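For what it's worth, this note's numbering labels the leading residue of the sequence shown as 2, then goes sequentially.
Backbone N, C-alpha and C fix where the C-beta goes; we use that ideal spot for every residue, glycine too.
These numbers were taken from a predicted model, which means no experiment stands behind them.
Quick notes on the structure that follows.
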Amino acid sequence: MASPIVVYGGSGHGRVVIEALRAGGRFTPVAVVDPACAAAVDGVPVTADDAAALRAATPAAAIGVGAVGDTALRRRLHAEALAAGFELPPVVHPRASVAATATLARGCFVASGALVGPGARVGEGAIVNSNAVVDHDCVVGDFAHVAPGAALSGTVTLGDDAHVGTGAAVVQGVRIGAGALVGAGAAVTRDVPDGAVAVGVPARLVR
2 MASPIVVYGG
12 SGHGRVVIEA
22 LRAGGRFTPV
32 AVVDPACAAA
42 VDGVPVTADD
52 AAALRAATPA
62 AAIGVGAVGD
72 TALRRRLHAE
82 ALAAGFELPP
92 VVHPRASVAA
102 TATLARGCFV
112 ASGALVGPGA
122 RVGEGAIVNS
132 NAVVDHDCVV
142 GDFAHVAPGA
152 ALSGTVTLGD
162 DAHVGTGAAV
172 VQGVRIGAGA
182 LVGAGAAVTR
192 DVPDGAVAVG
202 VPARLVR
């Protein structure tokens, strides 16, 4: 029988998380916490942010905030959910492929069509979005985001809070620094420093 779970955030990414939870069958989303949502989100009722009451109803939560620029909010909600006593299990869509030797930290999300290869590590609160590839022995840092269709070749390191944009490609062995941003469609062949922005083919630093 599926266990109940609360979803923090009801935006577009929240809907993706809800769909993955339902498809997986392990959890049933029973409430969405999001003051910006006035009505139910894909049939899941929106509720007040009363952590104690929610925690009494279910032991688990998932974070449904994932857009670039929302890393600080994602971190805050993650910390608040843990402080309230919720478990934050990894959420993996059943149509994702995750190698048996890969490691998924609490609160991370692996979307439909994504691939996480052998020996790869996906950090706490990180997102591997739809059809993204995190190949063998990659490290995806805490709260980093590999956007839809992006590809990390083997042994890439993606720092905490970094973002690799939609359809971007990162060649083997490259390091993307903490808080760095790789633009959509970029081809990254060299390391990107912490906090930098890289765009283009081949990618160049613009900040």
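For A61, the enclosing beta strand (DSSP E) begins and ends at 61-64.
One thing to note: V171 has its Cβ within 8 Å of the Cβ of A152. About 6 Å separates the CB atoms of V175 and V189; that is less than 8 Å, so the two are in contact.
Taken through DSSP and simplified to helix, strand or coil, L116 comes out as strand.
Between the stretch 124-138 and the stretch 150-170 there are three or more inter-stretch CB-CB distances shorter than 8 Å, so the stretches are counted as touching.
Taking the C-beta atoms as reference points, T72 is found nearer than 8 Å to D162.
Under DSSP, T158 shares a beta bridge with V140, R176. Distance from the CA of G65 to the CA of V202, rounded to the nearest whole angstrom, comes to 31 Å. Residue pairing from DSSP leaves S131 without any beta-bridge partner. Here the stretch 91-104 makes contact with the stretch 24-34; the two share three or more CB pairs at distances below 8 Å.
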